[in-house]
Amino acid sequence: MHQATQGHGNYLTEGGFWSWFTTLDHKRIGVMYLFTTLAFFIVGGLFAVLIRLELFRPGNLFSPDLYNQLFTFHGAIMIFMFIIPIIPAALGNFFLPLMIGAKDVAFPRLNLTSYYLFIGGAMLAVAALFSGGVDTGWTFYAPYSLRSQTAVILVTLGVFVMGFSSILTGLNFMVTIHKLRAPGMTFHRMPLFLWAIYATAIIQVLATPVIGITVLLIVMERVLQIGFFDPKLGGDPVLFQHFFWFYSHPAVYIMILPGMGIISEVVTVFSRKHIFGYVAIAYSSLAIAFISFLVWGHHMFVSGQSPLANLLFSVLTMMVAIPTAIKIFNWTATLYKGSIQLQTPMLYALSFLFLFTIGGLTGLFLATLSVDVHLHDTYFVVAHFHYVMMGGTVMGLLAGIHYWWPKMFGRMYPELSGKISCFLIFLGFNVTFLPQFYLGRLGMPRRYADYDASFTTWNMVSTIGSWFIFAGFLWMFAYLIWSLFRGEKAGDNPWGAKTLEWQTSSPPQVYNFEKIPEVKEGPYHYGVMKTE
Amino acid sequence: MLPQASSSAHSFEILFGVIFWFSLISFLAVSTAIVFFVIKFHRTRRDPFKTPFIHGHTVLETSVAVGLFVVVMIFFIWGWADYKKILNAPQDPLEINVIGKQWLWEMEYSNGRKLINEMVVPKDEPVKLLFSSADVIHSFFIPNFRLKQDVVPGLYTTLWFQASLLGEHPVLCAEYCGSAHSKMLATLKVVSKEDYDTWQKQWEKAKTQKVEEAQEDAASMAEQGKGLFTQKGCTACHTVTGQKLIGPPLNGIFGKEVELQDGSKHFRDENYIRESLMTPGAKMVKGFAPLMPTFQGTLSDSEVNAVIAYLKSLKE
Ligand SMILES: [Cu+2]
Ligand SMILES: [Cu+2]
Chain A
1 MHQATQGHGN
11 YLTEGGFWSW
21 FTTLDHKRIG
31 VMYLFTTLAF
41 FIVGGLFAVL
51 IRLELFRPGN
61 LFSPDLYNQL
71 FTFHGAIMIF
81 MFIIPIIPAA
91 LGNFFLPLMI
101 GAKDVAFPRL
111 NLTSYYLFIG
121 GAMLAVAALF
131 SGGVDTGWTF
141 YAPYSLRSQT
151 AVILVTLGVF
161 VMGFSSILTG
171 LNFMVTIHKL
181 RAPGMTFHRM
191 PLFLWAIYAT
201 AIIQVLATPV
211 IGITVLLIVM
221 ERVLQIGFFD
231 PKLGGDPVLF
241 QHFFWFYSHP
251 AVYIMILPGM
261 GIISEVVTVF
271 SRKHIFGYVA
281 IAYSSLAIAF
291 ISFLVWGHHM
301 FVSGQSPLAN
311 LLFSVLTMMV
321 AIPTAIKIFN
331 WTATLYKGSI
341 QLQTPMLYAL
351 SFLFLFTIGG
361 LTGLFLATLS
371 VDVHLHDTYF
381 VVAHFHYVMM
391 GGTVMGLLAG
401 IHYWWPKMFG
411 RMYPELSGKI
421 SCFLIFLGFN
431 VTFLPQFYLG
441 RLGMPRRYAD
451 YDASFTTWNM
461 VSTIGSWFIF
471 AGFLWMFAYL
481 IWSLFRGEKA
491 GDNPWGAKTL
501 EWQTSSPPQV
511 YNFEKIPEVK
521 EGPYHYGVMK
531 TE
Chain B
1001 MLPQASSSAH
1011 SFEILFGVIF
1021 WFSLISFLAV
1031 STAIVFFVIK
1041 FHRTRRDPFK
1051 TPFIHGHTVL
1061 ETSVAVGLFV
1071 VVMIFFIWGW
1081 ADYKKILNAP
1091 QDPLEINVIG
1101 KQWLWEMEYS
1111 NGRKLINEMV
1121 VPKDEPVKLL
1131 FSSADVIHSF
1141 FIPNFRLKQD
1151 VVPGLYTTLW
1161 FQASLLGEHP
1171 VLCAEYCGSA
1181 HSKMLATLKV
1191 VSKEDYDTWQ
1201 KQWEKAKTQK
1211 VEEAQEDAAS
1221 MAEQGKGLFT
1231 QKGCTACHTV
1241 TGQKLIGPPL
1251 NGIFGKEVEL
1261 QDGSKHFRDE
1271 NYIRESLMTP
1281 GAKMVKGFAP
1291 LMPTFQGTLS
1301 DSEVNAVIAY
1311 LKSLKE
């Protein structure tokens, strides 16, 4: 294998420490995003551990007000500062140009601007944490959020600013994909990760302005007493929910689509098979992005919205199941007659398949009107979206981080440690969240600081599960940091993958490729070609 | 296991069970396939350079899509059918007003009886709850009935049920509403029809005795509404005898249609009356000028309920 690095510095070592802050290199910006969002993940995760501690048994460990702040920050941090940005802005930033054979994204300066906007918004939210906190839940439902005495304005402004970061990133990626593909890289030769990033970018650009406007209306109503949402001022609280979910439902797909993209890459590489149903997977991403704009009302079946709206939102929500199921079917079928290796990235990809399937299937219960009347706002919903977000997106993310770690940093993570922590997280995850389905069915509402003694057993089990997740992540962060310095040196293409990012050195040189590569075939041409 | 204390609980369990088994079987199918493939096609058994080149299989993919479409449509239609039963209350239910407040539930019976965090209803009789909120959004959740409804400020929402199991059923607030959200609990007692009647009669008897002492206090909702009707100056513009003044007469209007200025028809329900009081300009009655003042801030939620009860009690 030839070393492309010879005679060149790579992107990590070129320039001094300060050059990082003004860098326009998409790889560096990606790495900065990666470490920033992972830091927020740690904070949000610690809040989650505290939440589970409070719920270990009935009674109060913290005051209810503190508990309300904990779940608000857990949700807000995980959603706005971790799971929305991390895959597109960190891994997408790093790999999108590499995978299409480009030198950088279309607008490098805009890219850096996005990063600083993100930091700015995040700082506003962190400032709120230190100036009284927020207790509205990450959903900011009116009129509660209009009357709460906490630092709602700071957090909502933070969300507003971070929203711009997300919009600009999406825009940048769309233009990059349209304009900077290497010669021969047609849309249908693009890796599926990029299709997913592309579909995500569409949602980012179209939906994010709505949350921006919505939180701005909250700020205006609080500051200027203009009655948008508070009935006392002549406003309509249900309207807030429409606005909020008009963004936040599509946002669910901003969170999950990129994770799905990673699964397509990892599953093919580790089973050395062409992806089963490339076209179906690619277009189902777009289909999901499209439908995602039409289903927001499924969060509001008992909100007092009209029965006709309920009918339409229920039937449209059911439609989401179809493209999703096709993807699962196709990933599973890709394994068929492959040559499967079970390194850590693949273990996470398989975890994704198990957990996301459960997440998707439990969505059917919630889309069914009469069943949702009981399950809405109970722990069933909490379990469902953790199976989708953590069982789906986070497993996809971890697959991606391990898969691309050697490319990003030029060193391998330790394989055995990777497997151990994957096992701990998978186990802990199920122990934590499976019981919550049952609790929800028994009627335990969410966002409860205290609960009836009859719910104790399963809450205890759930809390114990959270300790396994915690241990798994602790171990992972330890070995990943260790590997940055001591990990075995990685070759350019340790997995023998076919996509372009593996054709340059590990870590890549500053301008990605010696020579812009020319693309002659699709990204998954493994095994025996029919044509040859 | 959670008790099934109403017909809606029963329907819920059946449909939940159907979706559950479908999901379990699908999950097992997917996971068995994965495990089987991983073992059968493991690298130790398969040459990585000799895997077949399979692009996909349109027929298979399409049949998965079509099959699933049929299944989810069944779930959807079934869910909608059950949901319609939850929506449509039968004729003449027992009506109870429920006001959600941070952090308690106030129940008001039509005879003026008020209970806090406690509700008593007769078994096997339809009961309709009429919700309003004094502050933020709450949600009235009765797990044993598998029912819940958000309680929204500025909007009336309703929920009906027919209890089939005697005893006490917990009620919880399911929409986050602040500090004591998890303590916003109530008990719903289901008693036999006879017990319910005696329970109300005893109270009414005790009340009539008290009425002699303090009439105002224990006035029934409709009586209280009648008082408000003069007190708040409605009589300046409205009669209850069929004569037109500045505004239309208000006897016998409840539950009937009204013709609006733009020619459309509107059904006069609780929300309509409430809107007439809070934003009179929103729906103008045909043939009248926009002269009615808003009572936003002058009539409390329970007073609005009283006025509505009064209007309901008036016949043509
Ligand atoms: Cu949604
Ligand atoms: Cu509440």
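Chains A and B, in that order, give the protein sequences.
At position 236 of the first sequence the residue is numbered 236 (the working numbering), and the sequence of numbers has no breaks.
At position 219 of the second sequence the residue is numbered 1219 (the working numbering), and the sequence of numbers has no breaks.
Backbone N, C-alpha and C define an ideal beta-carbon position, used for all residues, glycine too.
1) Give the residues of chain A in contact with B/A1065, contact being defined as C-beta atoms less than 7 angstroms apart.
2) Kindly identify the DSSP beta-bridge partner or partners of B/H1169.
3) Nearest to B/C1237 by alpha carbon, out of B/W1021, B/L1250 and B/G1225?
4) Could you please give me the residues that DSSP links to B/V1127 through a beta bridge?
5) How long is the line joining the alpha carbons of A/N93 and A/T432, rounded to whole angstroms?
6) Any chance the CB of A/H299 is under 7 angstroms from a heavy atom of ligand 1?
7) Using the DSSP secondary-structure output, state which residues sit across from A/G120 in a beta bridge.
8) The stretch 1158-1179 of chain B: which residues have C-beta closer than 8 angstroms to a C-beta of chain A, in chain order?
9) Per the contact definition of three or more C-beta pairs closer than 8 angstroms, is the stretch 1042-1055 of chain B in contact with the stretch 301-321 of chain A?
10) For B/D1150, which residues does DSSP report across the bridge?
11) Can you determine whether any heavy atom of ligand 2 sits closer than 7 angstroms to the C-beta of A/H74, and answer yes or no?
12) Is B/K1201 buried or exposed, if buried means 16 or more other CB atoms sit within 10 Å of its CB?
13) Ordered along the chain, which non-local residues of its own chain (more than five positions away) have a Cβ less than 8 angstroms from that of B/P1290?
14) Starting from B/V1121, trace the beta strand (DSSP E) both ways and give me its first and last residue.
15) What does B/T1051 reach in chain A if we use C-beta pairs closer than 9 angstroms?
16) Tell me whether the beta-carbon of B/F1075 lies closer than 8 angstroms to the beta-carbon of A/L361.
17) Which one of B/A1222, B/K1085 and B/L1129 has the shortest CA to CA distance from B/W1318?
18) Could you check whether A/L364 and B/S1132 sit closer than 8 angstroms to each other, using their CB atoms as the reference points?
19) With A/L96 and A/L194 assumed to form a contact (beta carbons below 8 angstroms), what rounded beta-carbon distance in angstroms separates them?
20) Going along chain B in order, which residues have a C-beta closer than 7 angstroms to the C-beta of A/P58?
21) What in chain A is Cβ-close to B/G1079, meaning under 7 angstroms?
22) Answer yes or no: does any C-beta atom of chain B fall closer than 8 angstroms to that of A/W18?
23) Between which two residues does the beta strand (DSSP E) containing A/K533 stretch?
24) Considering only heavy atoms of ligand 2, does any lie closer than 7 angstroms to the CB of B/Y1176?
25) Would you verify that the beta carbon of B/I1189 is, or is not, closer than 8 angstroms to some beta carbon of chain A?
26) If we cut at 8 angstroms on Cβ distances, does A/G359 have a partner in chain B?
27) Return the bridge partner residues of B/S1132 from the DSSP annotation.
28) Mind checking whether the beta-carbon of A/H242 lies closer than 7 angstroms to any heavy atom of ligand 2?
29) Express the C-alpha separation of A/L312 and B/A1309 in angstroms, rounding to a whole number.
30) Just to make sure I have the definition right: I need the residues of chain B whose C-beta is within less than 9 angstroms of the C-beta of A/T214. Which are they?
31) With respect to 7 angstroms, is the separation between the Cβ of A/W502 and the closest non-hydrogen atom of ligand 1 below this value?
32) Less than 8 angstroms between C-beta atoms, sequence neighbours within five positions excluded: which residues of the same chain meet that for A/L375?
33) With distance defined between alpha-carbon atoms, name the residue in B/T1157, B/A1081, B/H1010 and B/L1094 nearest to B/E1270.
34) Quick check on this structure: which residue in A/P517, A/G496 and A/K489 has the alpha carbon closest to the alpha carbon of A/P507?
35) Just the chain B side, please: which residues come within less than 8 angstroms of A/A280 by C-beta, in chain order?
36) Looking at A/I29 and A/I100, is the spacing between their C-beta atoms short of 8 angstroms?
Taking the structure as given:
1) Here residue 1065 of chain B refers to the residue found at position 65 of the second sequence. I322 and I326, listed in chain order.
2) Residue numbering aside, residue 1169 of chain B sits at position 169 when the second sequence is read from its first letter. DSSP output for B/H1169 lists B/L1188 as bridge partner(s).
3) Position 237 of the second sequence, counted from the first residue, corresponds to residue 1237 of chain B. Here the closest residue by C-alpha is B/L1250.
4) Position 127 of the second sequence, counted from the start, is the residue given in the question as residue 1127 of chain B. Paired residues: B/L1094 and B/F1161.
5) Along the first sequence, read from residue 1 onward, the residue named residue 93 of chain A stands at position 93. Along the first sequence, read from residue 1 onward, the residue named residue 432 of chain A stands at position 432. About 32 angstroms.
6) As a first step, residue 299 of chain A must be located in the first sequence, where it is residue number 299. At least one heavy atom of ligand 1 is nearer than 7 angstroms to the Cβ of A/H299, so yes.
7) Sequence index remark: in the first sequence, residue 120 of chain A carries index 120 (1-based). According to DSSP, which records beta bridges pairwise, A/G120 is partnered with nothing at all.
8) P1170, L1172, C1173, A1174, E1175, Y1176, C1177, G1178 and S1179
9) no
10) Within the second sequence, residue 1150 of chain B is the residue found at index 150, counting from 1. DSSP output for B/D1150 lists B/S1139 as bridge partner(s).
11) Locating residue 74 of chain A in the first sequence gives position 74, counting from the first residue. Outside the cutoff, so no.
12) In the second sequence, counting from the first residue as 1, residue 1201 of chain B sits at position 201. Result: exposed.
13) As a first step, residue 1290 of chain B is located in the second sequence; it is residue number 290 there, counting from the start. Correct list, in chain order: P1280, G1281 and M1284.
14) Locating residue 1121 of chain B in the second sequence gives position 121, counting from the first residue. Start and end: E1118 to P1122.
15) As a first step, residue 1051 of chain B must be located in the second sequence, where it is residue number 51. Within chain A, the residues near B/T1051 are S271, R272, K273, H274, K337, G338, S339, Y526, G527 and V528.
16) Stepping through the second sequence from its first residue, residue 1075 of chain B is reached at position 75. Stepping through the first sequence from its first residue, residue 361 of chain A is reached at position 361. Contact flag unset, no.
17) This structure gives no information on residue 1318 of chain B, because the portion of chain B shown stretches from 1001 to 1316.
18) Within the second sequence, numbered from 1, the residue matching residue 1132 of chain B stands at position 132. Within the first sequence, numbered from 1, the residue matching residue 364 of chain A stands at position 364. It is not a contact, given that the beta carbons lie outside the stated cut-off.
19) For the purposes of this step, residue 96 of chain A is taken as residue 96 along the first sequence, with counting starting at 1. For the purposes of this step, residue 194 of chain A is taken as residue 194 along the first sequence, with counting starting at 1. 6 angstroms between Cβ atoms; contact.
20) Within the first sequence, numbered from 1, the residue matching residue 58 of chain A stands at position 58. Going along chain B, no residue has its Cβ under 7 angstroms from A/P58, so there is no contact; the nearest lies around 10 angstroms.
21) Numbered from 1 along the second sequence, position 79 holds the residue referred to as residue 1079 of chain B. Here the neighbours are S314, T368, L369, S370 and V371.
22) One-based indexing of the first sequence puts residue 18 of chain A at position 18. No, A/W18 lies away from the interface with chain B (no Cβ there is under 8 angstroms from its Cβ).
23) Not covered by the structure: residue 533 of chain A. The range shown for chain A is 1 to 532.
24) Within the second sequence, residue 1176 of chain B is the residue found at index 176, counting from 1. At least one heavy atom of ligand 2 is nearer than 7 angstroms to the Cβ of B/Y1176, so yes.
25) In the second sequence, the residue the question calls residue 1189 of chain B occupies position 189. Per the sequence shown, the amino acid found at residue 1189 of chain B is Lys instead of Ile. Not one chain A Cβ lies under 8 angstroms of B/K1189.
26) By 1-based counting over the first sequence, the position of residue 359 of chain A is 359. Judged by the 8 angstroms Cβ criterion, A/G359 is not in contact with chain B.
27) One-based indexing of the second sequence puts residue 1132 of chain B at position 132. The partner list for B/S1132 (beta bridge, DSSP) reads B/I1099.
28) As a first step, residue 242 of chain A is located in the first sequence; it is residue number 242 there, counting from the start. For ligand 2, not one heavy atom lies less than 7 angstroms from the Cβ of A/H242.
29) For this step, residue 1309 of chain B is matched to residue 309 along the second sequence. For this step, residue 312 of chain A is matched to residue 312 along the first sequence. Using only the alpha carbons, I get a separation of about 34 angstroms.
30) Counted from its first residue, the first sequence places residue 214 of chain A at position 214. Within 9 angstroms Cβ-Cβ: nothing; A/T214 doesn't reach chain B, min ~16 angstroms.
31) Along the first sequence, read from residue 1 onward, the residue named residue 502 of chain A stands at position 502. No, ligand 1 has no heavy atom inside 7 angstroms of this Cβ.
32) For the purposes of this step, residue 375 of chain A is identified with residue 375 of the first sequence, where counting begins at 1. For A/L375, where only same-chain residues beyond five positions count, the Cβ hits under 8 angstroms are F365, L366, V381, G440 and R441.
33) On the second sequence, position 270 is the one that residue 1270 of chain B refers to. Taking only the C-alpha atoms, the option nearest B/E1270 is B/T1157.
34) By one-based count along the first sequence, residue 507 of chain A stands at place 507. Checked all of A/P517, A/G496 and A/K489; the closest Cα to A/P507 is A/K489.
35) As a working mapping, residue 280 of chain A is identified with position 280 in the first sequence. G1056 and E1061, listed in chain order.
36) Locating residue 100 of chain A in the first sequence gives position 100, where the first residue counts as 1. Locating residue 29 of chain A in the first sequence gives position 29, where the first residue counts as 1. Result no, Cβ atoms of A/I100 and A/I29 do not sit closer than 8 angstroms.
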